[in-house]
Amino acid sequence: MDRKYICPTKRRKRMNTKHLWMLMTLLIMFSLITACGVAATPEPLQSVGGAGNGDDHAGGVEREVVRKEVVVKESSDEASGDSSNYAVQQTAPPQPAPEQPISAVRGEGESDKSLVADDGARPEAPPNDNSYHDVFFENYGVNPFVDTEDDHLSTFATDVDTGSYTIMRRYVNDGYLPPKDSIRVEEFINYFEQNYEPPPKGQAFNIHVDAAQFPFAETERYRMMRVGLQGYVVPPNERKDVSLTFVIDVSGSMDMENRLGLVKKSLELLVEQLGENDYVSIVVYGYQAEVVLEPTSGDQKELILRAINSLRPTGSTNAEAGLRLGYQQALQAFNRDGVNRLVLCSDGVANVGNTGPDSILENIKHYASEGVFLTTVGFGMGNYNDVLMEQLADDGNGFYAYVDTLKEAKRLFVQDLTGTLQVIALDTKVQVDFNPQTVARYRLVGFENRAVADQDFRNDDVDAGEVGAGHSVTALYEIKLHPDEDGLLSTVYLRWEDPDSHEVTEINRQFYVNEMADSFASADPYFQWTVLVAEYAEVLRESYWAEGNTIANLVQEVERTNMSLRSSDDRVEFVNLIKRASQLE
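When we follow the numbering used here, the leftmost residue of the sequence shown carries the number 2, and every step to the right adds one.
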């Protein structure tokens, strides 16, 4: 029932004697009660930390939150860049062992300007009610089905990021399910080898298309179609000389072994791969930015390693100043015939200067057009800004990775060094043209934040994705076929710019209904694996299209498929991860 609110508009000018005596009596009683209350010893407040914005729902799961209705004013400079915020304190759940709880608290309905991106990303707790504090992700939604009668074209920019997958791994290994907003399906898919055919000699890419029945669909008319792009491999001895500028966050938030400590060990691995014609510069930033190492030849490893090992955490976090100085340093050491790359190592927290990706990019994005590309590498969990790290890489003509272990650092900086450093294609876009005669509707799985307007596919001024040497890109489409139709199913178009000649190339591949596998079980095992990984990601992010499915339901199929593929540490690890995740549901 609605409650009426009556706003008083008049006051009585007089009170009768009876009312005056009643008022005096109440005042005397109130004074006595207050005096007794002062004499009593108050119970101490529990020690609490900030836990997001105080929502009673996190990750779509209802949970109880014990609140202490005490309004407090922030006084610590480390807690926030704005000391005027107010908050309702609340008790915090137990913290995972590797991280320490963050002391910052935030206002009811407000976001901490020192941590959150300008687009409103917010911290989110894992579904099982154990949170890392102040971890920021962005919910980009889930792609809908599209009727081909309304729109038969699907266009997106390529993406080779893998950060979302390794963040999931960190959560599961620590005993938690990841927040649903942290899941980007394409980054799960693209973490794994696909075994595509290499492109013909003299061509940057090969297009691969296959399809089979989708095992989780309600009817047999639904299929899953895989679109794969394989870039050409550059042998290590043919890798271009590189000019690297490391921009390293040494603020107080990095003062942990799995942050600055892991950064040092990771960069040591990378430095060991460099030659005499490669050059390294190091810029660090805390409250302000400074150059720690001027451009130094890669054969001066002892000098470079000494500079890396000298790094110590200090002060606040001025990411904007660090990036600005890093780009200036990169331009000074610019190699016109080589690779010029900035490598940002950070937890993504920025609490001094411009703190959101949009404001930071306004100041530094033009450097990418000068030929200096950005790789962002995330470290740590709890007080971590995934939004900033991912968006900086997207707009800085680079890619985003998250390093949770030294093994992942070795994969990134040793095993895949050439792909990490050397770009083979700029502004890479894909457009899939579905034949309305055979396909009734389609849905792109993932790539929600990589959409490109159909009419912009051949607009070469529109920024798209960059692809490194030897990298592959995979996209999945769930499609519904018209009954008993045959012939052309789709045409896949791929368009990119050569980073050296700046020549734009477009190729295409047609795919026919009779090329589909007869069943899911008879399809390429790599196809099966990719579909299962995508479904796992869909379940984790609570996608509408995966309703009713569970992680436990996928375990047996994942184990079976892995047995039919050649041995891979990454896949064996995933089998163990999905088993553990199924126990956390």
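We treat Cβ as the ideally placed atom computed from N, Cα and C, and that holds for glycine.
Values in this document were obtained by computation on a predicted structure and should not be read as measured data.
Going by DSSP, MET225 is part of the beta strand (DSSP E) stretching over 223–232. Between the alpha carbons of THR149 and GLU486 lies a gap of roughly 15 angstroms.
By the criterion of at least three beta-carbon pairs nearer than 8 angstroms, the region 254–272 is in contact with the region 308–317. If only complete runs of 4 or more residues are kept, the region 406–483 shows the alpha helix (DSSP H) at 407–411, 418–422, in order along the chain.
In the structure shown, VAL186 falls within a helical segment according to DSSP collapsed to helix, strand and coil. Counting only runs of 4+ residues, the alpha helix (DSSP H) found wholly inside the region 230–309 occupies 263–272, in chain order. Judged by DSSP secondary structure, HIS209 falls within the beta strand (DSSP E) whose first and last residues are 206–214.
For HIS367, the number of other beta carbons within 10 angstroms of its own is below 16, and it is reported as exposed.
By the Cβ test, the region 443–463 is not in contact with the region 165–177, since fewer than three Cβ pairs between them sit closer than 8 angstroms.
Residue pairing by DSSP puts THR156 in a beta bridge opposite GLN432. By the C-beta criterion, the region 555–562 is judged to be in contact with the region 527–536, since at least 3 inter-stretch pairs fall below 8 angstroms.
TRP497 is bridged by DSSP to THR506. In the DSSP assignment, ASN386 forms a beta bridge with PHE137. Rounded to whole angstroms, the separation of the alpha carbons of HIS472 and GLU574 is 21 angstroms.
With fewer than 16 other Cβ atoms from the protein chains shown falling within 10 Å of its own Cβ, GLU194 counts as exposed.
Of all alpha-carbon atoms in VAL505, TYR513, VAL186, VAL228, the one lying nearest the alpha-carbon of VAL143 is that of VAL186.
Exclusion of the five residues before and after PHE215 leaves TYR223, ARG224, MET225, GLU479, PHE521, VAL532 as the residues of its chain whose Cβ lies within less than 8 angstroms of its Cβ. About 17 angstroms separates the beta carbons of GLU504 and TYR494, which is beyond the 8 angstroms limit, so they are not a contact pair.
The beta-carbon distance between GLY379 and ASP242, rounded to whole angstroms, is 27 angstroms. This is too long to meet the 8 angstroms contact definition.
DSSP, read as helix, strand or coil, puts TYR166 in helix.
Beta-bridge pairing by DSSP links SER491 to PHE435, PHE512.
Comparing alpha carbon positions, the residue from GLN584, ARG567, ASP151, THR475 closest to ALA212 is THR475. In this structure PHE414 touches THR421 by the C-beta definition: roughly 7 angstroms separates them, less than 8 angstroms. If you draw a 10 Å sphere on the C-beta of ARG227, you find 16 or more other C-beta atoms in it, and that means buried. When DSSP states are grouped into helix, strand and coil, ASN577 belongs to the helix group.
For MET517, same chain residues with a beta-carbon under 7 angstroms away, outside a window of 5 residues either side, are ALA212, ALA213, ARG224 in chain order. Using a Cβ-Cβ distance cut-off of 8 angstroms, the region 448–455 and the region 290–310 are not in contact, since fewer than three pairs of beta carbons, one from each stretch, lie closer than that value.
In this structure, DSSP gives THR377 an extended state, which the three-state scheme calls strand. Note on ASN386: 16 or more other CB atoms within 10 angstroms of its CB, so buried under the neighbour-count rule. Around the beta-carbon of ALA454, fewer than 16 other beta-carbon atoms lie within 10 Å, marking it exposed. Excluding residues up to 5 positions away in sequence, SER282, ILE283, VAL284, LEU326, GLN330 lie with their Cβ nearer than 8 angstroms to the Cβ of VAL292 in the same chain. Residue environment: TYR545 is assigned as exposed (fewer than 16 neighbouring CB atoms within 10 Å of its CB, all protein chains considered). Pairing ASN319 with TYR286 gives a Cβ-Cβ distance under 7 angstroms.
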